[in-house]
Every structure is written in structure tokens, then in C-alpha cells.
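Numbering follows full-length UniProt numbering, with no gaps: position 1031 of the sequence shown is 1031.
So the structure is just underneath, and the comments pick up after that.
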Amino acid sequence: MSEQIQIDTGAFQRRVNKLLSCWKDSSADFEQLNQVDSLLVVMGGQNDDLIYSKTTAIHSWLLGYEFPSTVILFTKDSVTFVTSASKAVHLEPLKRSSTGFNLEILKRSKDEASNRALWDDLVSRIDAQGSKVGCLPKDKPIGKFADEWQSVFEKAQSSKDFKMIDVSASLSAVWATKDDDEIKAIRYASKMSSAVMSGYFENEMSTILDEGKKVTHEQLSERIEGKLDDTKLWKRVKGLEGADLSLADWCYTPIVQSGGEYDLKTSAVSSTKRLQGADGNGGVVIASMGIKYRNYCSNIGRTYLIDPHNSQQKMYAFLHEIQTQLADKHLRAGATCKEIYSKAVEIVRAKDEKLVASFVKNVGFGIGLEFRDSAYVLSAKNNRALQRDMVVNLSVGFQDLDDPNHKGEVYSLLLIDTLRINDNAPATFLTDRVRGTNDMSFFFKDDEEEEEEEERRSPAKPDGKVTPGGKVLRNKNRGAAHDDTAAEKMKLHQKELAKQKQEDGLARFAGEDGEGNASNEKVFKKFESYKRENLLPTKVADLKIMVDHRAQSIILPIYGYAVPFHINTLKNVSKSDEGEYTYLRLNFVTPGQIAGKKEDVPFDDPDATFVRSMSYRSSDSSRFTELFREITELRKSATKREAEEKELADVVEQDKLILTKSRAYTLPEVFPRPAMEGKRVPGDLTIHQNGLRFSSPLRPDQKIDLLFSNMKHLFFQPCDKELIVIVHIHLKSPIMIGKRKAKDIQFYREASDVQFDETGNRKRKYRSGDEDEIELEQEERRRRSQLNKEFKVFAERIAEASEGRVSVDVPYRELGFNGVPFRTNVLLQPTTDCLVHLTDPPFLVITLTDVEIVHLERVQFGLQSFDMVFVFSDFSRAPMHVTSIPTTSLDDVKQWLDSVDICVTEGAVNLNWGAIMKTVNEDPYDFFAEGGWGFLQSGSDDGGSSESESGSEFGSEMDDGQEETDEDSDSGSDFGDSAEDESGSEGFEDESEEGEDWDELERKAARADEKKRRQQGGSDDDEDSGKKGKRR
1 MSEQIQIDTG AFQRRVNKLL SCWKDSSADF EQLNQVDSLL VVMGGQNDDL IYSKTTAIHS
61 WLLGYEFPST VILFTKDSVT FVTSASKAVH LEPLKRSSTG FNLEILKRSK DEASNRALWD
121 DLVSRIDAQG SKVGCLPKDK PIGKFADEWQ SVFEKAQSSK DFKMIDVSAS LSAVWATKDD
181 DEIKAIRYAS KMSSAVMSGY FENEMSTILD EGKKVTHEQL SERIEGKLDD TKLWKRVKGL
241 EGADLSLADW CYTPIVQSGG EYDLKTSAVS STKRLQGADG NGGVVIASMG IKYRNYCSNI
301 GRTYLIDPHN SQQKMYAFLH EIQTQLADKH LRAGATCKEI YSKAVEIVRA KDEKLVASFV
361 KNVGFGIGLE FRDSAYVLSA KNNRALQRDM VVNLSVGFQD LDDPNHKGEV YSLLLIDTLR
421 INDNAPATFL TDRVRGTNDM SFFFKDDEEE EEEEERRSPA KPDGKVTPGG KVLRNKNRGA
481 AHDDTAAEKM KLHQKELAKQ KQEDGLARFA GEDGEGNASN EKVFKKFESY KRENLLPTKV
541 ADLKIMVDHR AQSIILPIYG YAVPFHINTL KNVSKSDEGE YTYLRLNFVT PGQIAGKKED
601 VPFDDPDATF VRSMSYRSSD SSRFTELFRE ITELRKSATK REAEEKELAD VVEQDKLILT
661 KSRAYTLPEV FPRPAMEGKR VPGDLTIHQN GLRFSSPLRP DQKIDLLFSN MKHLFFQPCD
721 KELIVIVHIH LKSPIMIGKR KAKDIQFYRE ASDVQFDETG NRKRKYRSGD EDEIELEQEE
781 RRRRSQLNKE FKVFAERIAE ASEGRVSVDV PYRELGFNGV PFRTNVLLQP TTDCLVHLTD
841 PPFLVITLTD VEIVHLERVQ FGLQSFDMVF VFSDFSRAPM HVTSIPTTSL DDVKQWLDSV
901 DICVTEGAVN LNWGAIMKTV NEDPYDFFAE GGWGFLQSGS DDGGSSESES GSEFGSEMDD
961 GQEETDEDSD SGSDFGDSAE DESGSEGFED ESEEGEDWDE LERKAARADE KKRRQQGGSD
1021 DDEDSGKKGK RR
């Protein structure tokens, strides 16, 4: 474990300098720190009972780890560590990066005398600074190390008259403002907390109540706690890309409360009483939980209303309004904790004076390395001001309100979220915020009771669908909660999704340069020809130009030295003959050059001295000709190899398949796609311990191994209305099959059999009539049913053997629609997690959780088809285009996308997505700060308004005719090969623009023809028109 410890020296450097600068700051936040001459932090042995403390916080903040049995002494210009020799090994690299302060490490040993001398040295350092020593009195270090230091320091304190000053509050102010790495860690933690709450707890709680299971609060809390190790859950969570889930842990044991007994404090515990709420009289369930990532905490809390009374729903909506007002208007940098709490009380008092007594005594606290930072409690007595990039836990609630459903009992309401403080903008929610409290209500009442209540309130709609007013369990119809039409509900939902996308985008790329730029930065590549001088070829002593193919280098004689140059540093080489001499010129890649369409190459130090070119002269023309040929061939092979490596960069080398020792479950006689080399024959697909293996019966060396760890999706497509039955596997990373890479592997069997074909067989010769036809149809149906059953069972066994890594997904044919994702019109079918086409290659698998937004193009009255563009959350991926979707499927497509919570926009014309994505990737944060995807929304809200009205600079480019050629598209976009270029949508461009009248068009055409005749002559007209026809 010790070998894995790597301290971030850059973060240590920045944070120590920040601490020392705050020490010199005379503001009120650092008042205690200004008074001391030195700061002493003592960490004793491991204390499992103490989870949060200032001592562990400062260790995590500076080092990223806790170093037990260590003393850190800070002065205004130095940092001194006293620790064991084994821990000092990990601290030594910090010395090389320390600027602005001195760093010393005093190493303890087993010699008591030398250890005593270390303590005396440390005391003398403290005494040299002055008598006022900063400390953390609430932290009580334990263990032999701490006792030894305490005895030494107490003696010194009595003789030196040291004055101890508590600096805990000042240290809280030092690390209150979070840097980009800290914000990223808290964002990961918040995403995980939100995922457990919405992705697991809601469903589990509703199932328990729905089925009447007898589960206690404590048992449910333990189930929640166990979800931290559920890798299947985290695969479905967006925003956790790059997170190391092994660094996540619970901040505290999840809290679940119901049944009239509620404690809204963070110290509450889950009781051993059963979860209540489904007794027919309603109830309230409160849950709160928090996950920390790299020791940075998050917190989330929700209240769920079961068969609520109308007054309870109104009260919960009012609590949500309080949270919204505080987050959007008052939680700003510069506001004091006291002011924020006072604003909350004012809102409550304006509603009802009596509610103030039930309102919580504080509305949250600072959160980060400590779950609850006592220096930043949002209470009525705290005068500390919030700072930009602080993270707070906003917690609003009402305690012990009278329960209208249970006379003599009380209920409580609680709403908790983790937010980031901004300067002059609303606070950013890091946890998933509640959009409407109606979604937090569950209804169990019978239809008759519900209808009676609805009749008393308002007329009910007979559609029986679940509305935004609540979730209906046991298929019991609550009735419609609103009179809005389905289209209006969808529009409202889409606005909420768009707002959430905007907030998520700002939070995701918040930072100095935007998080998204990191992946787009050019990387300086270093090429090494030889590691040591003795590896050079022996012939270099001749001081002649040499080409070393093994080292991929050219060795040039320069001033009596043999100097190697890697082939990748060479830009080009040229040879020329002048008189009796032959010249060889080598041009190298240097800063400031732009070759062709490629951008300037990044360099480690652009200000260094570079050799741009070198020329050699020789009378031996044949030798230089041979050198020129060798260098050119070496350059070509290097370029080819680099292109191949780039093509195969995402191909993974799978682990070794572990064959099962017992009898393996096999699916016989299946064909693979992509097909293997050689004759097309069926083979066997077998489930082993950690994956699948397909083997060919003709060639044992031909096999396909698929590991469960590399599987992303598993599909089973029945042969209903299809010619084949399929088990399809979509991989996380592509693998090599033969000489081709593949990310989608499919195994299928044909549904029809030649012996039952109507072309004539033995039975057919002796029988005729309708009986024969009926028997054949029955046999066909029986065979198809048997095939479906066999393949489905096998797919389920794969899911079971994968131990939850993948689950079986089946396409919904009834939701399918036609479109052109590549070059052929095919049937696209939604599944639970994807949109797929699996019947014929090339296959299409779009994972819905990877989709940022979907834009519908060419949505106009009179057109028979429209296009659909999938923009992915990974903006470096090219958008996926599906063209020529029938207009009759428009409403169904929009309803499906809305049902899976994907933001949908629409416009009248095709957009230049290459230019759009280039703008987004240049500065994602700036893109979202200027409105993000709002320029797409403005066009769809107007229901057919032109793109020019939407104010989109990308739309206006395409309004001018959309007559870009393939050459224009390639030069202006990195995504020139996308389906948009192949969709053939230019045929509708005349209908999407206003155009000019026929007289004007004829005059323009006549002028153009006359101009061509003058320039080229009349004989070229036919040839030119032929070329144009080809380009169209």
C-alpha cells in the first residue's frame, strides 16, 4: 500500500503558500491566525472513533493522506515535519518543489536519545518564533507517539511560558474556498449521493411499502450502505467518468425515518421500528445520506409523502420554495451566515408566524473535508461571510407539524442539497435538485377512494396515466392532477430538462479554463532514439550519414560528433544535383511552422534553440541517392505505423479467458458477425468463468473471446418478423477480430430452415392443398418460438454469469421507426438503455446515458421526413446523424425521447455541427455561460419559426442555401465524415429558405451562362454541367 502513495506536490505547494498568505492577511476571518507566531499540528495514532477533525482535514488538504504519528510545525516562512523514516520517504519529493518557504523533515528512529534531541530541536524552533502558539485544542491525539510529545511539550510550556491559541476557525476560512480539484471531488461525491437516493432508495422504499414488506429503518439503512459496492448502479450514473470508485466512502450511516418520530439533526440514527406509510392513512418518510470522495463530503436529504393530505403537499411545496429562494437569490459570495438564516425566517414569517417555531434552527453549514464545518454554520448568530467557490450543505425543514392524517401525531419535512457558492449568480446545485415536490409523492389509495377525493376537488381525467403530480403504485389510478394536455406537459418537462442541462454544463466545466479543455490540449511527444551512448551503431565512428531502421533514427555527423535524430523529428528531405556535387537537405519540425492543414506542433520549450534544417554536400551521387531513398522509406513507414497506431488506439488487449472446469453452457450452431476468415460455418458459443468464447469447428485456432469486464450492453432480439434470432454484445472498448477491430459482436441463427421451404420436399410431393400450408405455418411458428426461447435463456445465463455487469436488453419493435443512420434505410428500435439497429451491419448502438441532447432538423410543414442529431456528453465525439425519418413518426419519437428524460429541440434547417462542436470544444464553460443549447431551444419553442429568428449564428450559416460541397465540409469540420454529409438532405434546401422569384433567378442564370461562354468557350458547357451533375 505504501508504494501506491503519491503526494500531489503541486497541490501541496499551492496550499502551503495559501496558508502562509492567509496568515499575513489581517481580515477578520483570520483573526486568530494573525495572533500566533507558529502553528502546531499533532496527529497521534489511528483513532477510528474520531471521523472528522481539523487535524485529519489539514493532512488531507495538504498531503491527500493522513500521516499518523506525525507533528507538523508551521512558521511564517517554513514547514517542519517530525515523523518516522518510512513516512519521510513519501515526503522527500516535496522538498524539490517547495518555493516561497523552507521545508525540513526530521526523522525519528528507535534510538530514544536521538528522538529526545528531535523534540528539543522542535521546541527550540517554536521558542525562536515567539511565545504564541496556534493549536487545535478540540483534537485529542492518542497513542505512544502523542503521549511522548505531550510530556515533552508540557515541560517546555512550563519553562518557556508558551501561550496556546485556538486557530480552528481561521483554518476553516483558509480552506473554505475550494480549488478545481476539490470541486471535482465534491461533484463526484454529490453525483454518487444523488444516484443512491434517486436510483435505489426511491424504488426500494416504494417496493417495500407497495408489497407490504416488514422492513425496519435500520435494515433499509444497511441495504443503502451496501449499494456503495454495486458496480452495476454506478455504470448507469452520468458524470462519473474518470472517477476511482475505490476512493468513495460513506460520510455517515444513511438515516431513514418514518412513523411520526423524526429527528432533523445530522446526528440522528435509523431506529429499529418498521418503515410505515402504506396503512391507507398516509405517512411521511425522510431519508438523508452522504458520500465522500477523496475525503471530500457531500450530503442529500429528501422527504417522501405517502397518500398525502392536501395541506401536506402545500407545506412541502412551500419548503421547496424556501430552498429555491435561498439558492437563487441569497446564497452569494459576501453574504453572511446570519443574513441567510434571517432571510429564510423572513420567508417563513411572511407565510405564517406560527411556522417559525417549527422551522429548523440553522439552514445548513459549510461542507468539504469536514462533514460539518462549525465555523460556517448558517445560523442566526454567525457573522462569517461566505466566499466564492465555497461548498455548503443547504438544509431546510419543519419539525413536528400536526399530522392531518393521524390525529394527535406529528410529521416533519426535510430538504437537503449540496451547493457551490458563486459571485453574482445563483448557487450551483451539485446534487440533483428537486424540480417539483409533486414528484416526491406516492399514492396507494384504491381507485374508488381516489375518485371520491378527486370529485370533491376537481373533475378527473379518464386517461389513467401517471402525471407529474405523483407516482401511482400497484397500477392504481390517481386521476389527472392537472388539466394540461400531453403536449403541454411534454413542453414543461422539456423546459425543466433544458434548465437542468444548462446548470449541469456550468457545473461540469466550472473552473478557470473549463474542464473540457484538458482533453483537447495538444500533448508534447518525446522521441528517444537511444537510451545510452553505447547503443549507437559502431559505424558512427566513420562520421558518415547513417539510417538506423531498428532505432527509427537518422545519425548525422555534426562538428565531429555523431548526432541521432528520430525520424518523427524530420519534416521532409530533398535531394538536388548542382554541377559535380549532390546536395541532401533535411528539414526538421520546429516551432512556428504550419504544414498543410495541420496545426502547429506543441513543444516542451518553444523558446529553446532549434535546428530547422541541415544540408550536406557530396561528390558521391549514388550514395546520396541511396540515403535519400532510405530516409524517404523510413519516413513513409513511420507515418504508416503512426496512422495504424491511431486507428487501433482504442483497441484493448483483453485479459485471459478463464475456462470453466465444470460442464460449460453452450449455444450451438450459431454464426458470428463480423464473420471470421475462411468458409462460413456455424460454431459454438460457450459461457466460461469470466467471459464467452466462440470457436470454429473447422479451425481450432479461430476463436472469439469476449470478457464480461469489457461488455457494456447485452441484447436479445427475437426472430418475430425477422429472418434471424440474435444475441448481440456491445463492448466498452473494441477488440481485434482477424485484422479488423470490432465494438459490436453478434451471434445469430437463421429462423427459416431449407427443409421446410415451399420449393418442394418429400412431404410436399405426396400432399397438397390448404392442410399442407397450415402445417408449414404451424411448424414455422413452433420453430421460431423455440429459437426465441433458446436464445433468450442463453442471454439470461450470460447476464447471470457476468455477476451483474450486464443485463439483457430487448428492443421494443412497437416503438421502432425507420431512418438512415449510415447509408441504408433501416428500422431503429429503442430498448431500455439504447437506440439500436441489430439486424444488418453496420450495427447501430446509441447509449442513451451518453447523450447530451437530441436535435430534430428539417421539421417543417409539408416535408415528408426529418433528421435527428444525437449530441453526446463527450463533446470530442462527432454527433450521430439519423436522416430521412418519416414525419408520421415525429410525435412518437418526441414522446419516446421525453419519456427517457432526454432534452429534445427542433429546427427547420440542417445545422453545421462541425462548426458548432468546434465552438463548444474550444471553451465549454464559455459556451454554457452564453446560454449553452438555448440557441436550439429558441427555434423549437416558436413551433416552426425560422432559424434566423432564433438568433443562432450556426443556423444562419446554413440558411444561405446549404450548398456546401464535400470539399468545403472537410476543410471546415473535424467531423466531415459524419452521417450529416451523407444524408442527402440538400434536396429540401429550397423548401427551407424563402428564395427569390423566377424572373430574378432566370436573369442570374443567363448572366452566369454568358460569363462561362466568355471564359471557357461554348464547347465546355456540356462538360461542366456533367461535372455538376456528378457533384450533386
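From the three backbone atoms N, C-alpha and C, an ideal C-beta is built for every residue, glycine too.
All of these numbers come straight from a predicted model, not from anything done at the bench.
Comparing alpha-carbon positions, the option among Phe74, Gly397 and Asp892 lying closest to Ala487 turns out to be Asp892. Excluding five sequence positions before and after Pro886, the CB atoms of its chain that fall closer than 8 Å to its own CB belong to Phe817, Asn818, Gln864 and Ser865, given in chain order. In its chain, beyond the 5 residues on either side, Leu848 have a beta carbon closer than 6 Å to the beta carbon of Val900. Judged by DSSP secondary structure, Lys163 falls within the beta strand (DSSP E) whose first and last residues are Lys163 to Asp166. If you compare the alpha carbons of Ser109, Gln6, Lys110 and Leu233 with that of Gly804, the shortest gap goes to Leu233. Residue environment analysis places Pro830 among the buried positions, since at least 16 neighbouring C-beta atoms fall within 10 angstroms of its C-beta.
In the three-state DSSP reduction, His837 falls in the strand class (E or B).
Pairing Pro564 with Lys544 gives a Cβ-Cβ distance that is not under 8 Å. For the options Leu91, Ser98 and Ala85, the alpha carbon positioned closest to that of Lys110 is the one of Ala85.
For Ser170, the closest C-alpha among the options Lys24, Met917, Val573 and Phe398 is that of Lys24.
In the DSSP assignment, Thr888 is bridged to no other residue.
Looking at the DSSP output, Lys539 shares a beta bridge with no other residue.
Per the C-alpha coordinates, the member of Asn17, Ser258 and Leu20 positioned closest to Val215 is Ser258. The alpha carbon of Ile658 has as its nearest neighbour, out of Lys679, Ile687, Lys646 and Lys636, the alpha carbon of Ile687. Taking one beta carbon from each stretch, the region 249-268 and the region 400-414 have 3 or more pairs nearer than 8 Å; the two touch. A direct Cα-Cα distance of roughly 26 Å separates Val71 from Tyr293. Look at Arg550 here: in three-state DSSP terms it is coil, with no helix or strand label.
Ser884 and Gln6 have their alpha carbons spaced roughly 54 Å apart. In the DSSP assignment, Asp423 falls outside any alpha helix (DSSP H), carrying neither H nor E. Beta-carbon to beta-carbon, Ser529 and Ala510 are separated by about 43 Å, too far to satisfy the 8 Å threshold. Here Glu578 is bridged, per DSSP, to Tyr581. Non-local beta-carbon contacts of Ala427 in its own chain, meaning distances under 6 Å to residues more than five positions away in sequence, involve Ala327, Leu331, Leu419 and Ile421 in chain order. Runs of alpha helix (DSSP H) with 4 or more residues, each lying fully within the region 173-214, are found at 180-196 and 202-211, listed in chain order. Cβ-Cβ separation between Asp139 and Ser53: approximately 5 Å, consistent with a contact (criterion under 8 Å). Secondary structure at Phe822: coil, using DSSP grouped into helix, strand and coil.
Using a 10 angstroms sphere on the CB of Leu911, the tally of other CB atoms reaches 16 or more, which defines it as buried. A contact is defined here as three or more CB-CB pairs under 8 Å, and the region 704-713 fails this definition with respect to the region 773-782.
Taken in chain order, no unbroken stretch of alpha helix (DSSP H) lies wholly in the region 605-634 with a span of 4 residues or more. Taking a cut-off of 8 Å on C-beta distances, the region 35-50 does not touch the region 172-192, as fewer than three cross pairs fall below it.
Only residues of its own chain outside the window of five on either side were considered, and among them Val356 and Phe359 have a CB closer than 7 Å to the CB of Val345, listed in chain order. DSSP, reduced to helix, strand and coil, places Pro842 outside both helices and strands of the structure shown, so it counts as coil. When rounded, the separation of the alpha-carbon atoms in Gly364 and Glu202 is 24 Å.
From the listed residues Lys144, Asp127 and Leu122, the smallest Cα separation to Asn47 is found for Lys144. Going by beta carbons, Ile300 and Asp417 fall inside the 8 Å limit. A Cβ-Cβ contact shorter than 8 Å links Asp181 with Ala11. With distances taken between CA atoms, Pro591 lies nearest to Asp605 out of Leu714, Leu584, Glu922 and Asp605.
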